[in-house]
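Report on one structure; see the data block that follows.
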Amino acid sequence: MAWYTAQERLDFAREAFFQKGYTADDLGWEFDSAPTPVIAFLVGGVFMLFSFYSWLRRARVITKTLEERFGVEDGDLPVSVYSRARLVAAMDDGDTLYSLAYTTGTSFLLLGGFQVAYVTTYVIMMAAYAFFALLDITQIAWTYTTYDSLRDLVVTAKDYKKTENAYLDIKQATISFMPSNVYQNFALNALEVAVVFTAQVALMTFQGYDLIVSKDNSCIDFLSENTPSDEIENCPTVGTLSSWLFYVLGIMLLNVFLLGPGNSNGDAQFDTNHWSAILLGSKKGGTYQWKSPHGLGIKGSKSREVLIRNDDFRVFCRLSAGAIVNSFGFRLLLNALPILLAGKVTVFRLIFQAMGVIYIAKMDDATGFRFEFNENPVEKEQSERDESVTAQLKDCEVGKFLPNIYKNKLS
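Counting the sequence shown from 1 gives a position; the numbering used here is that position plus 34.
Below you can see the structure in the form of structure tokens.
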């Protein structure tokens, strides 16, 4: 049955139902056929065209801003700058309209695919989100190979903001940030992080398995008073009208979660800016510092720190765990929400499923305390200025577009 379309599997289910002595009059409206896959493909195509236009506009805004800042003609920036701008424009979820159009378009295209070939579409979906996770890692690797230290990134970003090279002879940098999940939070030890990671991966795996076994279910039977719901078996997911409508409801819930306050109003769950900066800091080594409440907080705060060695394996382990869960796993889990809802046979299970997906996605969220990462001084540089240049993590993001000012200054 795996290689039949949803409509063909529905015809098989109806034939088996009629063989039990029932007639078409015994079926409720929810057992009607779902709209043709062509409709899903058309709707998805329209949204994807809009998202493609939005992506072009976003990339153009970024490159135009950079060209104006450095006083160069259209197209005269290094090719790497344009490539990075296009990649960030595609992967960054900060634009509400772009994210809404892209997510909705992708979901409807997947809907058409699930109606035509369920298992094949599932495999394609997993491969696609694995590729997107790889693009996230590519952004980090690009920044990691461009700069020799965190100082290079911070000073390049500050130079972009026209500070007249005031920090070029600084030998080290400090960044301040608020972690958003357990993988970024070094106040939590390795065991605590491992427990959360194991739980999330296990639950995400169960949801992935549920996607496969849910391709055929007992059908929902809301209105028919003559037919027990358990008499209607092997009902194809997204093959009936009720299942199709549940999928559309899932698209709406997906957008509400991704673009709402529960997900920082559309920010990407996997913060490539954070990991780029931390990996650069680990090149020279440094110190995580934060203040935590002492006792009940009556005695003020207690300073704590964690030493980071050069290319510390703990940073790479946390990056790997964060990429698996928040880049690949988060995308797969949230974008599978519509098809997971479409496979539920009762309204209660539908609600339970939606809440379960959100719980798994948010399990690792932990804002914690405000951290400072103090990089060790860059060696073999002559400078009388031993102080550290300080920046907020968000202010360093522009550095991912630019060449290292210490190697290839644009202006």
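We put the CB at the ideal spot given by N, CA and C, even for glycine.
Check                                                                                                                    : Outcome
Closest Cα partner of S214 within the set I439, N410, H308 and S183                                                      : H308
Boundaries of the alpha helix (DSSP H) in which Q241 is found, first to last residue                                     : A224 to V247
Touch test, the region 360 to 371 against the region 269 to 279, Cβ-Cβ under 8 Å, three pairs minimum                    : no
Beta-carbon gap between R185 and V423 smaller than 8 Å                                                                   : yes
Counted within 10 angstroms of its Cβ, other Cβ atoms place I385 as buried (16 or more) or exposed                       : exposed
Closest residue to V461 among L374, G402 and T239 (Cα-Cα distance)                                                       : A question about residue 461 goes unanswered here, because the residues of the chain that appear run from 35 up to 445.
Residue burial classification, A175 (beta-carbon count within 10 angstroms, cutoff 16)                                   : exposed
V227 versus A233 - alpha carbon distance                                                                                 : 10 Å
Cut-off 8 Å between Cβ atoms - residues of its own chain near L222, not counting five sequence neighbours on either side : V216, A400 and G402
Rounded straight-line distance, which links the Cα of F435 to that of R118                                               : 6 Å
For A124, the nearest candidate out of F142, G105 and L90 (CA to CA)                                                     : L90
C-beta atoms of D429 and A191 nearer than 8 Å                                                                            : yes
C-beta neighbour in chain D for G320, strict 8 Å                                                                         : Among the protein chains of the structure shown there is no chain D, as only one such chain exists.
Under the three-state DSSP convention, the category T97 falls into                                                       : helix
Per-residue burial, F350 [other beta carbons within 10 Å of its own, 16 or more giving buried]                           : exposed
From G242, R343 and T177, residue whose alpha carbon lies closest to that of M160                                        : G242
Buried versus exposed, by CB contacts within 10 Å (16 or more), V122                                                     : buried
Close Cβ partners of A395 (< 7 Å) along its chain, the five nearest in sequence each way excluded                        : F364, L367 and L368
Assumed close pair F405, Y322 - CB separation to whole angstroms, cut-off 8 Å                                            : 6 Å
Three-way DSSP call (helix, strand, coil) for L111 in this model                                                         : coil
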